[in-house]
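Engineer: Mind having a look at this structure? Questions to follow.
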Amino acid sequence: MTDLAVIFDELSTSDGGRVGVATLNAPKSLNALSLDMARQLAAKLDAWAVDRSIVAVWLEGAGEKAFCAGGDIVALYRSMTEEGDNRGSGRDSLFAETYFTTEYRLDYRIHTYPKPILVWGDGIVMGGGLGLMAGASHRIVTETSRIAMPEISIGLYPDIGASWFLNRMPRGVGAYLGLTGAQLNARDALDLGMADHFVPRERRTALLDALAGADYGKRSAQELRAGVSSALAAFEDRSHAPSGQVWSHLDHLQRLVGTADVTQAVEAILADDRDDAWLRANRERLAVGSPLSAHLVWRMLERHRHTSLAEAFRDELNLSVQCCREGDIAEGVRALLIDKDKNPRWRHADVASVPEADLQAMMVPLWRDDEHPLRDLG
Ligand code: QUE
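122 is the number of the first residue of the sequence shown in my numbering; add one for each residue after it.
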């Protein structure tokens, strides 16, 4: 056993190159992305980007259960509630600022990376895990993939670029996923453009062997893509994918959230009595989620309908830090992961009673444009 946060390896290819392999290594916490992991992965991606012999990157999680269950919200919770090592905790939120800045910068790096990045999205891929997968050039899902943006349950909102990518799904679907934390399977992820390939999980090793045996030509960006694509083509087998939930319910979901405001959308989802296990689980998650978060889901999707990915990340950094300063997140993490009483006492009784002034306060800019920690993105 090793206690490295991320395990790095390099697979030799038959044409003299190497595939960089990065394994998130915290299986007991479902590979939740710690600040250490994010820093190490970012540094290695920088090195691999300029290393001529590296033809592609493979990113996966250790263990059988998860690629990555999300961010390190336990560390975030500690920084909000404890004195000591996380100096500048509490309202100064120095840890939160550092954590989210590092995470979003890494996510953005993956979106704009100059070489192919394959993500093996097996098992749980949620929140911060989806942030790592969303921007990769080759997003692979399997029979066990479970993908979601579950932040409403902890008093956060879909961050990690979701303000941008949830806006690129069929109208209303992003809002529904954010409000309910609905879980997508491999078929849904392919349908919604969140995954590119389905590969049965028992073919992982064979696929890695094929990547090592592929021809990457003279290493132009196009030849690297061609090498990866030719290796993947032989393993894609969508006949093994489960049947999806979203496409079959699309008209229904769009009717539920096709309302003038978030209060009506939430009322419509909660009042729905369609007898379907997936829809019911989504209603139940929304019913106990943070009312403030429901508003933030809706508002961020409105704000970022036409902005760039970089602008979305900058705005998310602002809002995520504000969520730590005055939102519901400490209480949400306490109830779900610390005390595990599953009984969060949110700041507001329901979605209808969240005052506009409270939302405005969350959206107050924390930095001047030329001092924003992510000012250099884009
Ligand atoms: C919403 C989230 C997260 C979550 C649950 C939510 C999240 C996250 C984890 C998580 C799960 C298991 C672990 C762990 C963290 O759960 O981001 O360390 O062992 O990381 O409802 O956003």
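Think of the CB as a built atom: it goes at the ideal place given N, C-alpha and C, for glycine as much as any other residue.
#1: Taking the alpha carbon of R468 as the point to measure from, which residue in R446, D460 and L487 has its own alpha carbon closest?
#2: What is the DSSP secondary structure of E432, reduced to helix, strand or coil?
#3: Is I459 near ligand 1, judged by its Cβ being under 8 Å from some heavy atom?
#4: Does C445 come within less than 9 Å of chain D when only Cβ atoms are used?
#5: In the structure shown, what three-state DSSP assignment does V140 receive?
#6: Is S133 buried or exposed, if buried means 16 or more other CB atoms sit within 10 Å of its CB?
#7: Tell me whether W488 sits in a helix, a strand or coil according to DSSP, three-state version.
#8: Hey, is S150 close to ligand 1, as in C-beta under 8 Å from one of its heavy atoms?
#9: Quickly, what does DSSP pair F129 with across the bridge? List them, please.
#10: Can you tell which of S258, R267 and H259 has its C-alpha closest to the C-alpha of G250?
#11: I need the DSSP call for G191, collapsed to helix, strand or coil.
#12: Who does A269 pair with in a DSSP beta bridge?
#13: Using CA atoms only, rank isn't needed, just tell me which of R455, W368 and V178 is closest to L239.
#14: When the Cα of R260 is compared with those of V349, G293 and Y297, which residue comes out closest?
#15: Write down every uninterrupted run of the alpha helix (DSSP H) in the segment 405-465 whose length is 4 residues or greater and which is fully enclosed by it, in chain order.
#16: Going by beta carbon distance, what residues of the same chain come within less than 6 Å of L417, once the five residues before and after it are set aside?
#17: On the premise that A170 lies in contact with N237, defined as a C-beta separation below 8 Å, what is that separation, rounded to the nearest angstrom?
#18: Does the count of Cβ pairs from the segment 183-200 and the segment 151-164 closer than 8 Å reach three?
#19: Whose CA, out of A478, L430 and V127, lies closest to the CA of S284?
#20: Is L151 helix, strand or coil when you go by DSSP?
#21: Closest by CA to L458, which one among D157, Y198, A183 and G137?
#22: Mind checking T233: buried by the 16 CB within 10 Å criterion, or exposed?
#23: Under a three-way DSSP split, which group does A478 fall into?
#24: Given 8 Å as the limit, tell me if S350 has its C-beta closer than that to any heavy atom belonging to ligand 1.
#25: Do N146 and I175 have their C-beta atoms within less than 9 Å of each other?
#26: So T223 packs on L156, CB below 8 Å; how close in whole Å?
#27: Is the closest heavy atom of ligand 1 to the C-beta of I275 under 8 Å?
#28: Quick one: any contact between the segment 321-340 and the segment 281-295, if contact means 3 or more CB pairs under 8 Å?
Structural biologist: The short version:
#1: By one-based count along the sequence shown, residue 468 stands at place 347. Looking at the Cα atoms, R446 is the closest of the given residues.
#2: Position 311 of the sequence shown holds residue 432. Helix, per DSSP.
#3: Numbered from its first residue, the sequence shown carries residue 459 at position 338. Not under cutoff, so the answer is no.
#4: Looking for chain D here will not work: only one protein chain is present.
#5: Counted from its first residue, the sequence shown places residue 140 at position 19. If DSSP states are grouped into helix, strand and coil, V140 belongs with the strands.
#6: Taking the first residue of the sequence shown as 1, we reach residue 133 at position 12. The residue in question, S133, is exposed, as its Cβ has fewer than 16 Cβ neighbours within 10 Å.
#7: In the sequence shown, counting from the first residue as 1, residue 488 sits at position 367. The answer is coil: DSSP assigns W488 none of H, G, I, E or B.
#8: On the sequence shown, residue 150 is found 29 positions in, with the first residue counted as 1. The answer is yes for S150.
#9: Position 8 of the sequence shown, counted from the start, is the residue given in the question as residue 129. Note: F129 sits in a beta bridge opposite A143.
#10: For the purposes of this step, residue 250 is taken as the residue at position 129 of the sequence shown. Comparing Cα-Cα distances from G250 to each of S258, R267 and H259, the minimum goes to R267.
#11: Along the sequence shown, one-based indexing puts residue 191 at 70. The answer is coil: DSSP assigns G191 none of H, G, I, E or B.
#12: Position 148 of the sequence shown, counted from the start, is the residue given in the question as residue 269. DSSP, once it has assigned bridges, lists M247 as partnering A269.
#13: Along the sequence shown, read from residue 1 onward, the residue named residue 239 stands at position 118. Nearest option by C-alpha distance: V178.
#14: Taking the first residue of the sequence shown as position 1, residue 260 is located at position 139. If we check each option's Cα against that of R260, V349 comes out closest.
#15: 412-424, 430-447 and 450-454
#16: Taking the sequence shown and counting its residues from 1, one reaches residue 417 at position 296. Counting only Cβ-Cβ distances below 6 Å, and skipping sequence neighbours, we find Y278.
#17: In the sequence shown, counting from the first residue as 1, residue 237 sits at position 116. In the sequence shown, counting from the first residue as 1, residue 170 sits at position 49. The amino acid occupying residue 237 in the given sequence is Pro; Asn does not appear at that position. Actually they are not in contact, since the Cβ atoms of P237 and A170 sit about 12 Å apart, beyond 8 Å.
#18: yes
#19: Translated into positions along the sequence shown, residue 284 becomes position 163. Among A478, L430 and V127, the Cα nearest to that of S284 belongs to L430.
#20: By one-based count along the sequence shown, residue 151 stands at place 30. Three-state DSSP puts L151 in coil, outside helix and strand.
#21: Mapped onto the sequence shown, residue 458 falls at position 337. Nearest of D157, Y198, A183 and G137 to L458, Cα basis: Y198.
#22: As a first step, residue 233 is located in the sequence shown; it is residue number 112 there, counting from the start. It is exposed - the Cβ of T233 has fewer than 16 other Cβ atoms within 10 Å.
#23: As a working note, residue 478 is residue 357 in the sequence shown. In this structure, A478 counts as helix in the three-state DSSP scheme.
#24: The residue labelled residue 350 in the question sits at position 229 within the sequence shown. The answer is no for S350.
#25: In the sequence shown, residue 146 corresponds to position 25, counting from 1. In the sequence shown, residue 175 corresponds to position 54, counting from 1. Contact: no.
#26: Within the sequence shown, numbered from 1, the residue matching residue 223 stands at position 102. Within the sequence shown, numbered from 1, the residue matching residue 156 stands at position 35. 6 Å between Cβ atoms; contact.
#27: Here residue 275 is taken as the residue at index 154 of the sequence shown, counted from 1. Result yes, Cβ under 8 Å from ligand 1.
#28: no
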